[in-house]
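Chemist:
Residue numbers (this note's numbering), protein chains in the order written: chain A, 1049 to 1164; chain B, 1049 to 1164; chain C, 165 to 261; chain D, 165 to 261; chain E, 412 to 549; chain F, 412 to 549.
(1) Beta carbons nearer than 7 Å to chain A: which residues of the region 480-513 of chain E have them?
(2) Please state whether DSSP places residue 165 of chain C in a helix, a strand or coil.
(3) For a test of the three-state rule: what should DSSP assign to residue 483 of chain F, helix, strand or coil?
(4) Report the CB separation of residue 537 of chain F from residue 490 of chain F in whole angstroms; it is logged as a contact under 8 Å.
(5) Does residue 418 of chain E have its Cβ less than 8 Å from a Cβ in chain C?
(6) Throw me the rounded Cβ distance for the residue 422 of chain E and residue 260 of chain C pair, which I believe falls under 8 Å.
(7) Label residue 1164 of chain B either buried or exposed according to how many other C-beta atoms from any shown protein chain fall within 10 Å of its C-beta, with 16 as the threshold for buried.
(8) Excluding the five sequence neighbours on either side, which residues of its own chain have a C-beta within less than 7 Å of the C-beta of residue 197 of chain D, listed in chain order?
(9) Quick check on the DSSP output: the beta strand (DSSP E) that includes residue 492 of chain E runs from which residue to which?
(10) Excluding the 5 residues preceding and the 5 following residue 1052 of chain A in the sequence, name in chain order all residues of the same chain whose CB lies nearer than 6 Å to its CB.
(11) Given 8 Å as the limit, is there contact between the region 174-194 of chain D and the region 192-210 of chain C, that is, 3 or more CB pairs closer than that?
(12) Look up residue 208 of chain D in the DSSP assignment and say whether it is helix, strand or coil.
(13) Scan the region 1075-1123 of chain B and note each continuous beta strand (DSSP E) run of 3 residues or more that stays entirely inside, going in chain order.
(14) Using a Cβ-Cβ cut-off of 7 Å (strictly less than) and excluding sequence neighbours within five positions of residue 520 of chain E, which residues of its own chain qualify?
(15) Under 8 Å, Cβ to Cβ, is there at least one residue of chain D near residue 447 of chain F?
(16) Take residue 221 of chain D as the anchor and find which of D/251, D/256, D/186 has the nearest alpha-carbon.
(17) Looking at chain B, which residues of the region 179-192 of chain D have a Cβ within less than 8 Å of any of its Cβ atoms?
(18) Look at the Cβ atom of residue 1167 of chain B, then the Cβ atom of residue 1093 of chain B, and state whether they are nearer than 8 Å.
(19) What is the DSSP secondary structure of residue 449 of chain F, reduced to helix, strand or coil?
(20) In chain order, what residues of the same chain have a beta carbon less than 6 Å from the beta carbon of residue 502 of chain E, not counting five sequence neighbours either side?
(21) Give the interface partners of residue 519 of chain F over in chain B, defined as CB-CB distance under 7 Å, in chain order.
(22) Along the beta strand (DSSP E) that carries residue 464 of chain E, what are the first and last residues, could you check?
(23) Taking buried to mean at least 16 other C-beta atoms within 10 Å of its own C-beta, is residue 516 of chain E buried or exposed?
(24) Taking Cβ-Cβ distances shorter than 7 Å, what residues in chain A pair up with residue 259 of chain C?
(25) Taking DSSP as the reference, what is the three-state secondary structure of residue 1060 of chain A?
(26) Quick check: the region 1136-1155 of chain A against the region 1061-1073 of chain B, are at least 3 beta-carbon pairs closer than 8 Å?
(27) Can you check whether the CB of residue 468 of chain E is closer than 8 Å to the CB of residue 1061 of chain B?
(28) Going by C-alpha distance, which of C/235, C/213, C/199, C/217 is nearest residue 207 of chain C?
(29) Nearest CA to the CA of residue 1101 of chain B: which residue from C/215, C/257, C/229?
(30) Would you list, in chain order, the members of the region 190-213 of chain C that have their beta-carbon closer than 7 Å to a beta-carbon of chain E?
(31) Please state whether DSSP places residue 261 of chain D in a helix, a strand or coil.
(32) If you run the structure through DSSP and keep just helix, strand and coil, what is residue 436 of chain F?
(33) Look at residue 522 of chain F and residue 246 of chain D and say whether their C-beta atoms are less than 8 Å apart.
(34) Sort D/248, D/253, D/202, D/232 by Cα distance to residue 219 of chain D and report the nearest one.
(35) Quick one: does residue 248 of chain D have its CB under 8 Å from some CB of chain H?
(36) Which two residues bound the contiguous alpha helix (DSSP H) that contains residue 225 of chain D?
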């Protein structure tokens, strides 16, 4: 069983992405292969330099940096969405890679899951 | 004070429209001038022949038919949205009228309110 | 109604209106052996200008009736909940959008 | 930062990303004497390909910082919450999208 | 796989009742699956879906009471209903254990729903033939 | 109207905490308005916004407790906080009166929030200089 968790909402304004990340951490903890795909407004999760102190939230950038340590296999950024949100590859946080979020990519996972 | 309540979500799948309607009824009860604008997927509120028994909900079509009795001034349907959802004027429930949901229309109300 | 007996690779369940970003995402991700079921507010797509972009499509009967729609008039196949269960069983995997 | 002293007819507060249907609805409804403030996830629009469609625009500083963005680089004016209060006071009416 | 194959399902509900249609569609699906001889291994409430397990929900008397309808279904068919503990605590849904642990004034979990971790969801993913998601439409 | 004009506000919150940012943005706005000498006539919770008034919300200890932060603000500034009764009952938020009336096992309304009808919102619309809405972003 391989799982792709998809995050398509911008961070901080909505909690669903955080809960998607928890799902990914949970699968990894139980040694289930899991990757994350950021697409649409979700690619804003991957921008370097997030400082959410003034809105009293914890940094999702910091959460994500723990992903490889916990065994999450890949952090994928949909290329077209990155272009739409002005994100070049060097502006992505470490460990994230561009991918084409095509039906081919999705077809390679047993499960494809949104958190809301 | 004149108020325009805007409903831009399809009925039954989400509750926000019902709560927008409650706001309109409440203003009318206190003799405050209020109209409803249905736009985007919200125009699906106005289609004749809704039968929500099988999903165990109350008909919003029936709720709306009480609007004039309660003193709600107008039920407006955004014309472009109706075209997008294949709604011709004769398919609209009684009492609803086509309107162009332009900035001119919105500018004529003291308050313009979404319920969510 | 007779459901297709062939295996479905991915069954896509879509409960959002055509204005929702996930609507077009879903259509873009559909492979050749996939099937689409519109549920809840998703069924309004059958009456919208987006319907031209739809592949062969199913829609839940109870949701159509609630919204004053009849599937057959627009080239879709309406399914009741037991038939929806059948579709999920026939599919290799299911994605809920 | 100095806020404009002239009267604003309608202040539009927009907390949604450019993919949300209300985003374009809001832009379409803006009159000549209106002003736009992007808040919460709405600030991502300043970096998106939709920014070309934006009129003169404000954006909340705390929301920009949270998302790793700097307003001035993209032609918007960042406002703190006291300045957001000023904008709502200056406006004849406020619409929250 | 034919239509007659026996399947087991884990159903995940992420939309709240009286805000989204998700709990209604999920219940219609669950009833149909049972009627067809399939098994529902468990219901997992996640995110806003945890509100389905509130014992204090009080809709007008002429509207379906979705938490009670779900609770009856779970009891009648001996299906476990689990609300994710992290989602539940942030949203003010607690059982007696959590009430004591966090020194709260009351609890509001509707029986037979239970509170547990995401491990229950992972197990469903592994053991059930299919895990289906019922999301809100917004 | 200049920046220095005294204004009175009714703030309507329709997004739930830990699902949307609405209660956070509204609180930042409310604090800034008070600091500038304006008045907050009342806070009105509507739709999913009523979850902000839950006494059982228990976020992790390193996250801001938005219901408590709001309750402190309301008490310190003597601002009435009202949850719409129709929204609240459907979503499992009840005070002691509603608990008795509907024979429920507990109540979960956080003081100083109160439960009242949409009439409170209509009054705000009429009396306050401005009524502002803080919606969820979805």
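For glycine and all other residues, C-beta sits at the position ideal for the given N, C-alpha and C.
Modeler: In short, the structure shows the following:
(1) Those residues of the region 480-513 of chain E that come within reach of chain A (Cβ to Cβ, closer than 7 Å) are 497, 498.
(2) Locating residue 165 of chain C in the third chain gives position 1, counting from the first residue. Residue placement at residue 165 of chain C is flagged as unreliable, the pLDDT there being 47, under the threshold of 50; a coordinate-derived value is accordingly withheld.
(3) Indexing the sixth chain from 1 puts residue 483 of chain F at position 72. Helix at residue 483 of chain F.
(4) The residue given as residue 537 of chain F occupies position 126 in the sixth chain. The residue given as residue 490 of chain F occupies position 79 in the sixth chain. The pair is not a contact, with the Cβ atoms about 18 Å apart (cut-off 8 Å).
(5) Taking the first residue of the fifth chain as 1, we reach residue 418 of chain E at position 7. The beta carbon of residue 418 of chain E falls within 8 Å of a beta carbon belonging to chain C, placing the residue at that interface.
(6) If you number the fifth chain from 1, residue 422 of chain E lands on position 11. If you number the third chain from 1, residue 260 of chain C lands on position 96. Beta-carbon to beta-carbon, residue 422 of chain E and residue 260 of chain C are separated by about 10 Å, too far to satisfy the 8 Å threshold.
(7) Position 116 of the second chain, counted from the start, is the residue given in the question as residue 1164 of chain B. With 16 or more other Cβ atoms inside 10 Å of its own Cβ, residue 1164 of chain B counts as buried.
(8) For the purposes of this step, residue 197 of chain D is identified with residue 33 of the fourth chain, where counting begins at 1. The residues are 172, 173.
(9) Here the question's residue 492 of chain E lines up with position 81 in the fifth chain. Per DSSP, the unbroken beta strand (DSSP E) holding residue 492 of chain E starts and ends at 492-495.
(10) Looking up residue 1052 of chain A in the first chain gives position 4. 1083, 1085, 1157, 1160.
(11) Verdict: no, contact absent.
(12) Within the fourth chain, residue 208 of chain D is the residue found at index 44, counting from 1. Residue 208 of chain D: helix per DSSP, three-state reduction.
(13) If we require 3 residues or more, the beta strand (DSSP E) runs fully inside the region 1075-1123 of chain B come out as 1082-1086.
(14) Looking up residue 520 of chain E in the fifth chain gives position 109. Same-chain partners within the cutoff: 464, 466, 504, 505, 506, 526.
(15) To locate residue 447 of chain F, count along the sixth chain from 1; it is residue 36. Interface criterion met: the Cβ of residue 447 of chain F is under 8 Å from a Cβ in chain D.
(16) Here residue 221 of chain D refers to the residue found at position 57 when the fourth chain is read from its first residue. Looking from the CA of residue 221 of chain D, the closest CA among D/251, D/256, D/186 belongs to D/251.
(17) Within the region 179-192 of chain D, the residues whose Cβ lies closer than 8 Å to some Cβ of chain B are 185, 186, 189, 192, listed in chain order.
(18) A question about residue 1167 of chain B goes unanswered here, because the residues of chain B that appear run from 1049 up to 1164.
(19) For the purposes of this step, residue 449 of chain F is identified with residue 38 of the sixth chain, where counting begins at 1. Here residue 449 of chain F sits in coil by DSSP.
(20) By 1-based counting over the fifth chain, the position of residue 502 of chain E is 91. Scanning its chain for C-beta atoms nearer than 6 Å, with the 5 sequence neighbours on each side dropped, one finds around residue 502 of chain E the residues 461, in chain order.
(21) On the sixth chain, position 108 is the one that residue 519 of chain F refers to. Correct list: empty, because the minimum Cβ distance to chain B is about 20 Å.
(22) Reading the fifth chain from its first residue, position 53 is the one you call residue 464 of chain E. No beta strand (DSSP E) holds residue 464 of chain E; DSSP gives it neither H nor E.
(23) What you label residue 516 of chain E is simply residue 105 of the fifth chain in a count that begins at 1. With fewer than 16 other Cβ atoms within 10 Å, it is exposed.
(24) Counting from 1 along the third chain, the entry for residue 259 of chain C is found at position 95. Annotation: Cβ neighbours of residue 259 of chain C in chain A (cutoff 7 Å, chain order): 1160.
(25) On the first chain, residue 1060 of chain A is found 12 positions in, with the first residue counted as 1. If DSSP states are grouped into helix, strand and coil, residue 1060 of chain A belongs with coil.
(26) Inter-segment contact for the region 1061-1073 of chain B and the region 1136-1155 of chain A is absent: fewer than three beta-carbon pairs are separated by less than 8 Å.
(27) Sequence index remark: in the second chain, residue 1061 of chain B carries index 13 (1-based). Sequence index remark: in the fifth chain, residue 468 of chain E carries index 57 (1-based). Not closer than 8 Å, so no.
(28) Taking the first residue of the third chain as position 1, residue 207 of chain C is located at position 43. The shortest C-alpha separation from residue 207 of chain C is found at C/235.
(29) Here residue 1101 of chain B is taken as the residue at index 53 of the second chain, counted from 1. When C/215, C/257, C/229 are compared, the shortest CA-CA separation from residue 1101 of chain B is found for C/229.
(30) Within the region 190-213 of chain C, those residues whose Cβ lies closer than 7 Å to any Cβ of chain E are, in chain order, 203, 204, 205.
(31) Sequence index remark: in the fourth chain, residue 261 of chain D carries index 97 (1-based). Residue 261 of chain D: coil per DSSP, three-state reduction.
(32) Numbered from its first residue, the sixth chain carries residue 436 of chain F at position 25. DSSP places residue 436 of chain F within a helical segment (H, G or I) once states are collapsed to three.
(33) For the purposes of this step, residue 522 of chain F is taken as residue 111 along the sixth chain, with counting starting at 1. For the purposes of this step, residue 246 of chain D is taken as residue 82 along the fourth chain, with counting starting at 1. Taking 8 Å as the Cβ cut-off, residue 522 of chain F and residue 246 of chain D do not qualify as a contacting pair.
(34) Taking the fourth chain and counting its residues from 1, the one referred to as residue 219 of chain D is at position 55. Ranking the options by Cα distance to residue 219 of chain D, first place goes to D/202.
(35) In the structure shown, chain H cannot be found, because the protein chains are A, B, C, D, E and F.
(36) For the purposes of this step, residue 225 of chain D is identified with residue 61 of the fourth chain, where counting begins at 1. Counting along the chain, the alpha helix (DSSP H) containing residue 225 of chain D begins and ends at 225-230.
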